[in-house]
Every structure is written in structure tokens, then in C-alpha cells.
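Position 97 of the sequence shown, counting from 1, maps to 454 under this note's numbering, and the rest follow consecutively.
Read the structure below first, then the notes.
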Amino acid sequence: MTEGKAADRGKLIADFTAWAGNVSSSVGIIFINKVLMSTTGYGFRYATTLCALHYLTCSLSIWVTQTMGYTKKVALPYGDLALFVATANTSIVTLNLSLMLNKVGFYQIAKLLIVPFVCLVERFWLGKHFSKQVLASVATVILGVAVVTVSDLQLADNMLGLVVAGMSVVSSSMQQIFCRTMQQKHKLSSHELLSNTAPVQGWSLLLIGPFLDYYVVDAWVLDFAWTRAAAVALAASCGLAIAVNISQFACLGRFTAVTYQVLGHSKTILVLLGGWLFLGDIITGRQAGGMVLAVLGMVAYGVFTSQESAPKPVKKGAELEPLILADESGAPRNKDDLGLGMKPINTGHGGTSGFRTSSSSSDLKRTLNESV
358 MTEGKAADRG KLIADFTAWA GNVSSSVGII FINKVLMSTT GYGFRYATTL
408 CALHYLTCSL SIWVTQTMGY TKKVALPYGD LALFVATANT SIVTLNLSLM
458 LNKVGFYQIA KLLIVPFVCL VERFWLGKHF SKQVLASVAT VILGVAVVTV
508 SDLQLADNML GLVVAGMSVV SSSMQQIFCR TMQQKHKLSS HELLSNTAPV
558 QGWSLLLIGP FLDYYVVDAW VLDFAWTRAA AVALAASCGL AIAVNISQFA
608 CLGRFTAVTY QVLGHSKTIL VLLGGWLFLG DIITGRQAGG MVLAVLGMVA
658 YGVFTSQESA PKPVKKGAEL EPLILADESG APRNKDDLGL GMKPINTGHG
708 GTSGFRTSSS SSDLKRTLNE SV
């Protein structure tokens, strides 16, 4: 009995640590980046170069896990890799530019439009059908974002920020779709896909970053007047990028789908409140109402999609569950891997040499988006 209580207590502590680590790193990186890039902060307005440094530090952490045998390197065809990297680079750069040009509240609310746009593409391009409840929740999100947008008087003087936010929604949505199709096509876990793309994204952004940043801010990154505080903020931003990925994979398989949705919504609410409390964002009553409406729409979307994807109860006399199941990407997986989040990696499909995280393409998307 005592051992059972100790095990439950240990699991509770581990769950809370994973939750707290993911929330704090995901929310923290947004605010440290805003302070780092804003003119009222340290003025490091080189969003593309910052993205490159994030991906390079994440690539280093992935290399360490591969060297230690915890993850396995899997090659991705060059054509598919180039397509994904181009889309992902556009997504992460426009997200960082949106954060630099817009208020934190509008930046976060605009990101909620990614789900409706993905649904639109899947409906008319992939022929996927959605229930009335899901469509109603998506419409609620769109309405909430529209209320926030038309209520923000600063947008009249910040059309560039609005355009960049729209570009970030489109590119991030396409990246999410490519995540799913790439995993299905090549039978990759999200970590395997990330280990292929992160180094290429880092080096490619580092090559084009200084020139793109010069075009945007009319200044070279090498001319930036460094201070000790600015250097510490940059190091903290890169460290949080790694923490987001580590905590993200610590959460995978640990929480249910509904709990994971709540985890995401809690981060959205904390970002909105943080922008108001710490960065001086002015939120009118109409804007607050739009934010609440958008978040409620996302909560409803999470609930309805979780219910629709939940396994149906097995009828009496039905066929027994097979030992080999297909995950949501279509790749076969062992029944014993359900809900554990980690599974042994086979070296050449022989002996095990570590563990691999089981995760979905939507989880990878959260990781990539949060590592801005």
C-alpha cells in the first residue's frame, strides 16, 4: 500500500513537473523574445537571425540525444526535406515578425486562426468532412478573432503587422499539414522529423537571415550594439527554445488528449494576461470579449475533436483487438506502446538502443510554433 502511494505521488510530481516546465518555457519564450526584439526592450530586431539561432541550439540538443543513443537519426528525401524546410522557415520567420510588429495579445489571438485555416484546406483540398459541432466551434474562433482585430485601433497604423500575421497563419497552417503528410509518407515520428529539419532550417536561416533582416529593419545584425543584458536575454531565448522541445516531449503520452488541449489553452490565457500585466498592452472591453470568445471556441473545438477521435466501445462478440495497431499517421505501432509516450528504438530493427517519443504531427507543430 505504501509503495503504491509512493508511486502515485511520484507520478503526480512527474506530471506536474512536465506540465509546469512546458507552460513556463512556452510562455516565457514569447515574452523574452518580445523584450529582446521590441524597441522598448533591447532592440534586437533581427527576427530571422533569432530563428536561426533557435534552430541551431535545438539541433545541438538533438545531436546530443542521438549521440547518447536516446534517439535515432532517420534520413528524409531531399525533395521532401526542401519543401518542408521552405514552408517551416516561412512560418517561423513570419511568426517572429508578427511578434515583433504586433502586441502580444493580438499575436497570440491571430495564431488561433491556424486551426480554422487548416480545416478549410483539409475540407476543400483533402476532402475531409467535419461535424456541425466542430464547424460551429471554428466559426466561434473566427468571430472572436474578428472582434479583436476590428477593435484594435492600432491596426490602422500597423497594416504591415496585420499582413505579416496573416502570412504566419497561412504558412503555419501549411506546415502543420505537411507535418502530417510527411509523417504518413515516410513513417516518421515527430522527433525523427524534427531531427531532420532543424539543422537544415538553422543553417539556411543563418545564411539568408542577415540579408532578410537588413531588408526589414535597414540595419545589419553585426552592427547591433551588444550589451551584457541583451546577450543574456538572447542566451535565455535560445535556452528556452531547447526547454520547449524537451518539455513538449516530456508531456507527450503522459496526458490525455483533453488534458493536452487544456494545457494549450492555459498557455494562451497566460500569454494574454502577461501582455496586459507586464508589457502594458491595453485591452478594451470589446477586445477582452473577443479574446474570451476565441478561446472558448478553441476549447469547444478541442472537446469535440477529442470526442470524435475517441475509440468506440467494442461490442459484445466483436473481434479481439489486434496486436499491431495503426497510429494517427497511419504507421503501425505495437499495442504495448499505447499511452506510454516512449518506446524502444531498434538499431537496424534489431536490438534496442534507447527510446523514442511517440507523438503526433499536431504535437510537433506546437513545438515548432512555440520555439519562436
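All C-beta atoms, glycine included, are put in the ideal place defined by N, C-alpha and C.
*Reducing DSSP to helix, strand and coil, say where residue 457 ends up.*
Here residue 457 refers to the residue found at position 100 when the sequence shown is read from its first residue. Correct three-state label for residue 457: helix.
*CB-CB under 6 angstroms to residue 723, same chain, minus the five flanking residues each way: which ones, in chain order?*
As a working mapping, residue 723 is identified with position 366 in the sequence shown. Caution applies to residue 723, whose pLDDT of 48 falls short of 50 and renders its modelled position unreliable; the model cannot decide the point.
*asked:* So, for residue 490: in the same chain, excluding its five sequence neighbours on each side, which residues have a beta-carbon less than 8 angstroms away from its beta-carbon?
replied: Residue numbering aside, residue 490 sits at position 133 when the sequence shown is read from its first letter. Cβ within range, chain order: 657, 661.
*What do you get for residue 634, buried or exposed, if any count of 16 or more other CB atoms within 10 angstroms of its CB means buried?*
Within the sequence shown, numbered from 1, the residue matching residue 634 stands at position 277. Answer is exposed; the Cβ neighbour count stays below 16.
*Could you check which residue in 643, 368, 437 has the C-alpha nearest to that of residue 541?*
What you label residue 541 is simply residue 184 of the sequence shown in a count that begins at 1. Checking every option, the nearest Cα to that of residue 541 belongs to 437.
*asked:* Output needed for residue 418: all residues of its chain with C-beta closer than 8 angstroms, excluding positions within five of it in sequence on either side, in chain order.
replied: In the sequence shown, counting from the first residue as 1, residue 418 sits at position 61. Contacts found: 599, 602, 603.
*With C-beta atoms as the reference, is residue 409 less than 8 angstroms away from residue 653?*
One-based indexing of the sequence shown puts residue 409 at position 52. One-based indexing of the sequence shown puts residue 653 at position 296. No.
*Classify residue 555 as buried or exposed, calling it buried when 16 or more other Cβ atoms lie within 10 Å of its own Cβ.*
As a position in the sequence shown, residue 555 is number 198, starting the count at 1. Buried.
*Tell whether a beta-carbon distance below 8 angstroms holds between residue 459 and residue 522.*
Position 102 of the sequence shown, counted from the start, is the residue given in the question as residue 459. Position 165 of the sequence shown, counted from the start, is the residue given in the question as residue 522. Yes.
*Check whether the Cβ of residue 517 lies closer than 8 angstroms to any Cβ atom in chain D.*
In the structure shown, chain D does not exist; there is a single protein chain.
*Pick out whichever of 663, 630, 636 has its Cα sitting closest to the Cα of residue 466.*
Counted from its first residue, the sequence shown places residue 466 at position 109. For residue 466, the nearest C-alpha among the options comes from 630.
*Would you mind sorting residue 435 into buried or exposed? The rule is 16 or more other CB atoms within 10 Å of its CB.*
Position 78 of the sequence shown holds residue 435. Exposed, by the Cβ-count rule.
*Whether residue 591 touches residue 454 by CB criterion (8 angstroms)*: For the purposes of this step, residue 591 is taken as residue 234 along the sequence shown, with counting starting at 1. For the purposes of this step, residue 454 is taken as residue 97 along the sequence shown, with counting starting at 1. Against a cut-off of 8 angstroms, the Cβ pair of residue 454 and residue 591 comes out as no contact.
*Between residue 386 and residue 543, what straight-line distance do the alpha-carbon atoms span, to the nearest angstrom?*
Here residue 386 corresponds to residue number 29 of the sequence shown, with the count starting at 1. Here residue 543 corresponds to residue number 186 of the sequence shown, with the count starting at 1. Near 31 angstroms, if we compare the C-alpha coordinates of residue 543 and residue 386.
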